[in-house]
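Quick note on numbering: the UniProt record's numbering labels position 163 of the sequence shown as 163, and the sequence is numbered without any gaps.
All C-beta atoms in this analysis are idealised placements derived from N, C-alpha and C, irrespective of residue type, glycine included.
These numbers come from a predicted model, not from an experiment.
Comments concern the structure below.
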Amino acid sequence: MGCRGRKKFTLVAHDWGAVIGWEFLATHMDMVDKYILMDAPSRRVVRKLLLTNKTQFKMSWYVFFYQMPKLPEFFMRMSDLKLFEMVFRKHCNDEELEAFKYTFAKKGALTYPINYYRANFGTRVQSSRPPADVPHAPGLYLLGEHDAYISKETGPLMQKEYNNLSFKIVPGVDHFLQQHNPTLVNQVMREFLEG
């Protein structure tokens, strides 16, 4: 950033990008002027909810499944990656879906994304705490109203960790909110960024 003459930037991320974004904010809040993170709380909040909240525990069953060696990759490759169709069908056209399937049908290709879960939810992984002594940039945490993977209870918990954080449930969308209704999500983001 320094080479571009900028000292701060706006951070926008979804899902695993948001997980990484929370970690970045915890260590480099001073580099961000505003941020919008969607459909993924920090690892600290997920861990807390997995231990105390039955709803989030049920919604996150796949995280535990992905901890097993080789079996998740085998299961996902079955039936011409049918699982991809089940998850992404309403968010992708046929061509995009086939591109996903082509990419992840390659030997070893599924291991890389599954390893995100293995590496980030093991018992030895430490999550960074947001800085208490640094002013927090204004932030917005978005969650799809019909998200099947992330509990709405993550919002208030994230607000406890990150002061100056607004939480909004985006109506009528699921986990892939920016694909499900990009016009609405862009409007919500624009209102926050211009506010």
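The alpha helix (DSSP H) that contains I20, what's its start and end? Here residue 20 corresponds to residue number 20 of the sequence shown, with the count starting at 1. Its alpha helix (DSSP H) spans residues W16 to H28.
Nearest to L50 by alpha carbon, out of D39, M38 and V63? As a first step, residue 50 must be located in the sequence shown, where it is residue number 50. The shortest Cα separation from L50 among D39, M38 and V63 belongs to V63.
So, is F176 buried or exposed, given that buried needs 16 or more other C-beta atoms within 10 angstroms? As a position in the sequence shown, residue 176 is number 176, starting the count at 1. A buried status is given to F176, since no fewer than 16 other beta-carbon atoms sit within 10 Å of its beta-carbon.
When you compare the segment 162-169 with the segment 124-144, are there three or more beta-carbon pairs, one atom per stretch, that lie closer than 8 Å? At 8 Å Cβ cutoff, the stretches touch.
Less than 8 Å between the C-beta atoms of F9 and D30, yes or no? Stepping through the sequence shown from its first residue, residue 9 is reached at position 9. Stepping through the sequence shown from its first residue, residue 30 is reached at position 30. Their beta carbons are not under 8 Å apart, which means F9 does not touch D30 by this criterion.
Of all the options V12, F65, P41 and G172, which has the alpha carbon lying nearest to the alpha carbon of R118? For the purposes of this step, residue 118 is identified with residue 118 of the sequence shown, where counting begins at 1. Closest by alpha carbon: F65.
Presumed contact (8 Å Cβ cut-off) between V19 and N181, rounded CB distance: Numbered from its first residue, the sequence shown carries residue 19 at position 19. Numbered from its first residue, the sequence shown carries residue 181 at position 181. About 22 Å; that fails the 8 Å criterion.
Report the residue from P72, D15, N115 and S128 whose alpha carbon sits nearest the alpha carbon of A148. Taking the first residue of the sequence shown as position 1, residue 148 is located at position 148. The candidate whose alpha carbon is nearest that of A148 is D15.
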